[in-house]
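The next block holds one structure in the form of structure tokens; read it before the comments.
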Amino acid sequence: MYIGKLLRTAVLSCALLASASAWAENGTAYLQSFMNNVKTLDATFTQEVVNEKGQITQTSFGNLKLSRPGKFRWEYLQPAPQLMVSDGAKLWIYDKELEQ
């Protein structure tokens, strides 16, 4: 269940960024079509944590790869390397700094 939610969140995030004009015209249909048709995805990302004042307090960078059904690799490169991998049934998380 957690794997599905994480995968769904990743795909939804990518879909939102894919085409602002198409999203604005018919967001629900566009998102449904995107979800139904994506077989693989390879992306780099930047994640920003913003405090209540709107200031960026942390920036992370990484890569995301997914392959249907249910397989993905989510890797944070900076500032704290971490790897999450799923085969569709299990989720593995490796934290480089903790060596586990």
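Per UniProt numbering, the sequence shown runs over residues 1 to 100. Note that beta-carbon positions come from the ideal geometry of N, C-alpha and C, so glycine has one too.
- When the five nearest sequence neighbours on each side are left out, the beta carbons in the same chain lying within less than 6 Å of the beta carbon of Trp92 are those of Val85, in order along the chain.
- In this structure, the alpha-carbon of Asn36 lies about 29 Å from that of Ser60.
- Take the alpha-carbon of Ser33 and the one of Gly88: they are about 21 Å apart.
- Distance between Gln78 and Glu52, taken at the CA atoms: about 23 Å.
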